[in-house]
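Peer 1: Heads up: the sequence lines are chains A and B, in that order. By my numbering, the letter at position 31 of the first sequence is numbered 291, and the numbering carries on one by one without gaps. By my numbering, the letter at position 107 of the second sequence is numbered 106, and the numbering carries on one by one without gaps.
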Amino acid sequence: AQSVAQPEDQVNVAEGNPLTVKCTYSVSGNPYLFWYVQYPNRGLQFLLKYITGDNLVKGSYGFEAEFNKSQTSFHLKKPSALVSDSALYFCAVSAYSGAGSYQLTFGKGTKLSVIP
Amino acid sequence: DVKVTQSSRYLVKRTGEKVFLECVQDMDHENMFWYRQDPGLGLRLIYFSYDVKMKEKGDIPEGYSVSREKKERFSLILESASTNQTSMYLCASRYTPDRAYEQYFGPGTRLTVT
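Shown next, in the form of structure tokens:
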């Protein structure tokens, strides 16, 4: 069965510093990986995805993620954090669930706090 | 622009009540999903629908049912609400079953069962 681990419940970073939110996964076959962000009292917003190709994926709001097949990781990064980046971040992997459909399995989320 | 709406942002119901949560998408998406979100547990899939009148159980379907009579609308039903169903409920939609497509989420309904 597929799974996603986000080893840090919370990440604190100073404004202007680089940030990393970690994600590791387990899935049969080629992984399709996603990052979502959730601001307080809001639904999830899609940030970026890895399907195939370049291991460095660029997404919305200046975020990027690095896919590492040997380490089964897909860490989210940003060169310079903003206070407005403070939110809950979810990593997810797409896996076959039967009925001809693929579903997302989510990690438990990492709360990012950017300190002014 | 992509839009998924949910009928209520906040809902308070009593134990034993029948509860309906409505979700509407305006993107002509084939697939629709219901998740619940609980602190420390992430998102868990309750039910999904890959087409009108079609439904499949997710990871935690017990105590829930769904209805999809029209392509744009997907309803989650709590037949007899219980306190352990107090949670944030998120609806999502996706263009096709293709695994490469992302899901689009509604704003969520925070349900409290007393």
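Each residue gets a CB set at the ideal place from its N, CA and C atoms; glycine is no exception.
Are the CB atoms of glycine 303 of chain A and glycine 41 of chain B nearer to each other than 8 Å?
Peer 2: No, Cβ-Cβ distance for glycine 303 of chain A and glycine 41 of chain B is not below 8 Å.
Peer 1: For glutamine 270 of chain A, count neighbouring Cβ atoms within 10 angstroms of its own Cβ and tell me buried if that reaches 16, exposed if not.
Peer 2: Exposed, by the Cβ-count rule.
Peer 1: Which value, in whole angstroms, describes the spacing of the CA atoms of glutamate 326 of chain A and lysine 282 of chain A?
Peer 2: Approximately 10 Å, taken between the alpha carbons.
Peer 1: From glutamate 29 of chain B to glutamate 16 of chain B, what distance separates their C-alpha atoms?
Peer 2: Roughly 31 Å separates the two Cα atoms.
Peer 1: Where does glutamine 320 of chain A land, buried or exposed, given buried means 16+ other C-beta within 10 angstroms?
Peer 2: The sequence given here places serine at residue 320 of chain A; glutamine does not occur at that position. Classification of serine 320 of chain A: exposed, given that the 10 Å Cβ count is below 16.
Peer 1: Determine whether the Cβ of lysine 329 of chain A lies closer than 8 Å to any Cβ atom of chain B.
Peer 2: Output row for lysine 329 of chain A: interface = no.
Peer 1: Whose Cβ in chain B lies nearer than 9 Å to the Cβ of phenylalanine 205 of chain A?
Peer 2: This structure cannot speak to residue 205 of chain A, because chain A is shown only from 261 to 376.
Peer 1: On the CB-based measure, 16 or more other CB atoms within 10 Å of its CB, does methionine 31 of chain B come out buried or exposed?
Peer 2: It counts as buried.
Peer 1: For proline 267 of chain A, count the other beta carbons within 10 Å of its own beta carbon; 16 or more makes it buried, fewer makes it exposed. Which is it?
Peer 2: The residue in question, proline 267 of chain A, is exposed, as its Cβ has fewer than 16 Cβ neighbours within 10 Å.
Peer 1: Tell me which residues share the same chain as tyrosine 356 of chain A and place their Cβ nearer than 6 Å to its Cβ, disregarding the 5 neighbours each side in the sequence.
Peer 2: Tyr362.
Peer 1: By DSSP, does glutamine 363 of chain A sit in helix, in strand, or in coil?
Peer 2: It is a strand residue.
Peer 1: How many Å lie between phenylalanine 73 of chain B and isoleucine 59 of chain B at the Cα?
Peer 2: Looking at the two C-alpha atoms, the distance is approximately 17 Å.
Peer 1: Can you tell me the Cβ-Cβ gap for leucine 279 of chain A and lysine 337 of chain A, rounded? I've got them flagged as a contact below 8 Å.
Peer 2: That pair is a contact at about 7 Å.
Peer 1: Output yes or no for whether 8 Å exceeds the beta carbon distance between proline 291 of chain A and valine 353 of chain A.
Peer 2: Contact: yes.
Peer 1: Inspect the beta-carbon positions of leucine 77 of chain B and glycine 57 of chain B and report whether they are closer than 8 Å.
Peer 2: Cβ atoms of leucine 77 of chain B and glycine 57 of chain B: not closer than 8 Å.
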